[in-house]
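Numbering (my numbering), first residue to last: 4 to 242.
Here the structure is laid out as structure tokens; the discussion comes afterwards.
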């Protein structure tokens, strides 16, 4: 009976060892975290479809043409309403219509409004369009053009602004001086910004190089230490 019990214990022990050896190992903490991360990634929704860059047009070409004709209406309010609408609709001809309005529209208010919109348009032609308005017969147009040129701050326009220093109106002459000062002020600020950016880029590059040098230095020191340790172990074994 005792021998049977010993055999049973021995067989049971073998069976336990067999199960233990064939049992898959418990996942590590890192593996459990990675599994949870993958589950969370699977819950991320698909990205939305590509959004259109501009809203769809609500006017046909025929309707746009009728609005363009309204920019030549005999009533200045109608003309301006049509010009403003074409600008809001981003009509390809809106900029040319604004330029034409500055040149030939008989109503001061319409020309002034067109000038205000022109200043907000980021196109290289705008500066010279404002320069042309310096010859306008109305003082408020010339003043507005000078203010706009000060904000654009294109050095190429300064010779034309200097000519306004002999304008018949003292307010325009005064504004011409302010505009020249504004252009210099904006150019000084842009120069300082460029210098600051150059300095920042240089300092970042130096830090990057220093960081690489520190890393290489630590690697060399580590290799030297490993080599020393290996050599010492060989010496100890030899002894």
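Virtual Cβ for every residue (Gly too), placed ideally from N, Cα, C.
Exposed unless 16 or more other CB atoms sit within 10 angstroms - verdict on residue i
| i | result |
| --- | --- |
| residue 182 | buried |
| residue 115 | buried |
| residue 104 | buried |
| residue 97 | buried |
| residue 197 | exposed |
| residue 235 | exposed |
| residue 140 | exposed |
| residue 47 | exposed |
| residue 146 | buried |
Cut-off 8 Å between Cβ atoms - residues of its own chain near residue i, not counting five sequence neighbours on either side
| i | result |
| --- | --- |
| residue 63 | none |
| residue 112 | 79 and 83 |
| residue 106 | 135 |
Euclidean distance between Cα positions of residue i and residue j
| i | j | result |
| --- | --- | --- |
| residue 2 | residue 84 | Because the chain is modelled from 4 through 242, residue 2 falls outside the range shown and cannot be assessed. |
| residue 233 | residue 225 | 12 Å |
| residue 178 | residue 125 | 23 Å |
| residue 212 | residue 230 | 27 Å |
| residue 82 | residue 128 | 23 Å |
| residue 228 | residue 240 | 18 Å |
| residue 220 | residue 207 | 20 Å |
| residue 205 | residue 199 | 10 Å |
| residue 160 | residue 202 | 30 Å |
| residue 101 | residue 118 | 8 Å |
| residue 61 | residue 89 | 12 Å |
| residue 1 | residue 157 | The question about residue 1 has no answer here: the residues shown for the chain are numbered 4 through 242. |
| residue 123 | residue 87 | 13 Å |
| residue 108 | residue 65 | 24 Å |
| residue 189 | residue 195 | 10 Å |
| residue 74 | residue 167 | 31 Å |
| residue 77 | residue 99 | 19 Å |
| residue 43 | residue 187 | 56 Å |
| residue 70 | residue 110 | 19 Å |
| residue 223 | residue 238 | 23 Å |
Cutoff 7 Å; reference residue i; Cβ partners in own chain excluding five residues on either side
| i | result |
| --- | --- |
| residue 243 | One cannot answer for residue 243 here, as it falls past the ends of the chain, which runs 4 to 242. |
| residue 209 | none |
| residue 163 | 134 and 137 |
| residue 67 | 94 |
| residue 120 | 90 and 101 |
Contacts around residue i, its chain only, beta-carbon distance under 6 Å, and the 5 residues preceding and following it disregarded
| i | result |
| --- | --- |
| residue 37 | none |
| residue 133 | 148, 151 and 152 |
| residue 170 | 176 |
| residue 155 | 130 |
- Message: Contact between the stretch 171-191 and the stretch 151-159 is defined here as three or more beta-carbon pairs at a separation below 8 Å; is this criterion met?
- Response: The stretch 171-191, when compared against the stretch 151-159, does touch it at the 8 Å Cβ threshold.
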